[in-house]
Amino acid sequence: MKFQKICSDSRTQARKGQIITAHGTIDTPVFMPVGTAGTVKGVFHRELEEDIQAQIILGNTYHLYLRPGVEVIRRAGGLHRFVSWNKPILTDSGGFQVFSLAASRKLTAEGCTFRSHIDGSKHFFSPENVIDIQRTIGADIIMAFDECPAGDSDYQYAARSLTLTQQWLERCSKQFAETEPQYGYEQTLFPIVQGCVYPELRRRAAEHVAAMNFDGYAIGGLSVGEPAEVMYEMIETVNNILPDNCPRYLMGVGTPVNLIEGIARGIDMFDCVMPTRNGRNGMIFTSEGVINIRNKKWERDFEPIDPAGVSFVDRYSKAYLRHLFVSGEMLGAQIASIHNLAFYLRLVRQAATMIENGNFDQWRQTIIPKLGNRL
RNA sequence: GGGGAUGUCGCAUAGUGGCAAUUGCAACAGACUGUAAAUCUGUCCUCUUCGGAGUUCGGUGGUUCGAGUCCACCUAUCCCCA
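When the first sequence is numbered by numbering that gives the first Met the number 0, its final residue is 374 and no position is left out of the sequence of numbers.
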């Protein structure tokens, strides 16, 4: 994997660049649709490629390991072949599931024992086997196994958790160095910066990963309950330390405003379930703000979902989309997912254009108020 | 004409002496940030200063400290026999 910075904004830390992988080039800043279980829920690849213009999608180690299982993916020839997606893929390590499925796991220095959310069966993840699994899944970018502490963790817990994440990173890195890609193309390992909301921990974490010379870096453990302003501060703290010539990936974030503020602070990559999950639940991101399409006020609104929308689903009216949601028709969830992803992807493409044209900061000031009161 | 059954908050249901009344659906609103989510939560007779207050179970009257529940009559709907 290679990263090329094409240009930077003069007033902010925003930059435009390209990530070159074995499965193609990614223009940054980029938003990566989340396809946890080998599918961006409700969206065909054709729509992802042609309409949404996704350049890279995510998969999840935890989910794919449980189902269909690594053996199926190995026999398929890797995840790209299994799901018929020939562009870049990034897999998350399962570290986030260690957090979100906390009720059914046990953490030790060695790794994490957990119970499957599907059938309750017992499993064990370690830095080593998570790398092995991600070798078999075969994503272009793979993530280190980390612990993602809750947003309200106290300093002591956060510090101990960070130490664990750092130890795990060393082991991930070693395992990665000692293993080979299984399908003949290069894979790249990203470390994850943790440290909760504590600047000194974030700094320590960033310095630790920067010293290890990776090709790209991720910031995790944000947007897990802390105020957005705190998240922005943490991004600034960390990005001041991470090398400037590598992509920076802010994991699991966020709202459209989060994306723009992240870009302004030097983030290049984002992923988030919000456009798809919230979309399936009726939340539509439009150029005129966020709407809940199930609300009665759209019952007779025959205007397009988003007058400025760029995807083919934007031709549908709000009234029709509301009807689909109220009726529980699956097409509603599909339209919402496609529209929202197209909206997100267009937003970051616009940001890139603005960076290139030198008016990113001005654009940022004008667009943020339009994106929605609380987003 | 004779016999039987049944009327509960939009619909459907529970309730057989202490009840503003069960549950489901519908409706309305909210939540969702590296996806245990096509999920979850709340409201859903009226008013409310959220403490309560006021009116309810086809209608009228009665029994009772107390009635959606028991009794009488009326009324509506459905079923069976002529």
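Yeah, the Cβ is synthetic: ideal placement off N, Cα and C, and Gly gets one too.
Identity of the residues DSSP links to residue i by a beta bridge
i	result
PHE269	PHE30, LEU249
LEU57	VAL33, LEU89
THR112	LYS105, PHE123
GLY23	THR20
PHE2	ILE18
ASN291	MET282
PRO303	SER316
ILE141	THR90, LEU188
Simplified DSSP assignment, three categories, for residue i
i	result
GLN349	helix
LEU172	Note on residue identity: the sequence assigns Ser, not Leu, to residue 172. Helix, per DSSP.
LYS369	helix
THR285	strand
ASN280	coil
ILE132	helix
ILE72	helix
SER7	strand
PRO255	helix
GLU146	coil
LEU100	coil
ARG159	helix
ARG264	coil
LEU330	helix
ASN244	coil
LYS296	helix
LEU323	helix
ARG66	coil
VAL309	coil
ASP153	coil
PHE43	coil
ASN238	helix
ILE51	helix
Cβ-Cβ separation, residue j to residue i (assumed contact under 8 Å), whole Å
i	j	result
LEU168	GLU146	About 11 Å separates the two Cβ atoms, so there is no contact after all.
ALA335	GLY281	7 Å
ALA157	LEU200	6 Å
GLU235	LYS15	GLU235 to LYS15, Cβ: 19 Å. No contact.
PRO190	PHE175	With a Cβ gap of about 10 Å, PRO190 and PHE175 do not count as contacting.
ALA263	ARG348	Going by Cβ atoms, the distance from ALA263 to ARG348 rounds to 16 Å, so no, they are not a contact pair.
GLY215	TYR248	6 Å
PHE113	SER103	6 Å
Proximity winner among the options, relative to residue i (alpha-carbon distances)
i	options	result
ASP300	TYR315, ALA307, PHE311, SER310	TYR315
GLY23	SER83, MET0, GLU199	MET0
PHE95	VAL69, LYS121, THR60, GLU70	THR60
CYS271	ILE262, GLY261, THR254	THR254
GLY68	ILE117, ALA108, ILE25, LEU221	ILE117
LEU340	VAL129, GLY41, GLN181	GLY41
HIS62	ASP50, ASP267, LEU78	LEU78
GLY308	ILE25, PRO198, ALA318, ARG345	ARG345
ASP313	ARG363, ASP153, ILE283, GLY37	ILE283
MET211	GLY220, CYS245, SER125, PRO306	CYS245
GLY288	VAL29, GLY219, LEU374	LEU374
LYS296	THR285, HIS322, MET273	HIS322
MET31	GLU225, ALA102, LEU258	LEU258
GLU46	GLY34, TYR343, SER310, VAL347	SER310
VAL82	SER222, ALA138, ALA102, ILE290	ALA138
THR35	ASP50, TYR64, ASN277	TYR64
LYS369	CYS195, THR285, ALA13	THR285
VAL252	MET230, PRO242, GLU49, LEU241	MET230
GLU232	MET268, TYR248, CYS195, ALA209	CYS195
GLN361	SER9, GLN3, PHE2	SER9
HIS338	TYR154, THR20, ILE25, ALA53	ALA53
ASP151	THR20, SER222, GLN166	SER222
TYR197	GLN165, TYR182, VAL237	VAL237
ALA227	GLU260, GLY265, ILE292, GLU177	GLU260
THR187	ASN294, THR90, GLU109	THR90
ALA277	ASP26, VAL33, GLU206, THR20	First, the amino acid is wrong: residue 277 is Asn here, not Ala. Ranking ASP26, VAL33, GLU206, THR20 by Cα distance to ASN277 puts VAL33 first.
SER383	GLU225, PHE98, CYS171, PHE123	Shown here, the chain extends from 0 to 374; a query on residue 383 therefore has no answer.
ILE136	ILE367, LYS86, ARG80	ARG80
VAL29	GLY37, ALA204, THR38, ILE18	ILE18
Output the residue ranges of the beta strand (DSSP E) runs that lie fully inside the segment 171-222 and measure 3 residues or longer, sorted by chain position. Listed in chain order, they are 187-189, 216-218.
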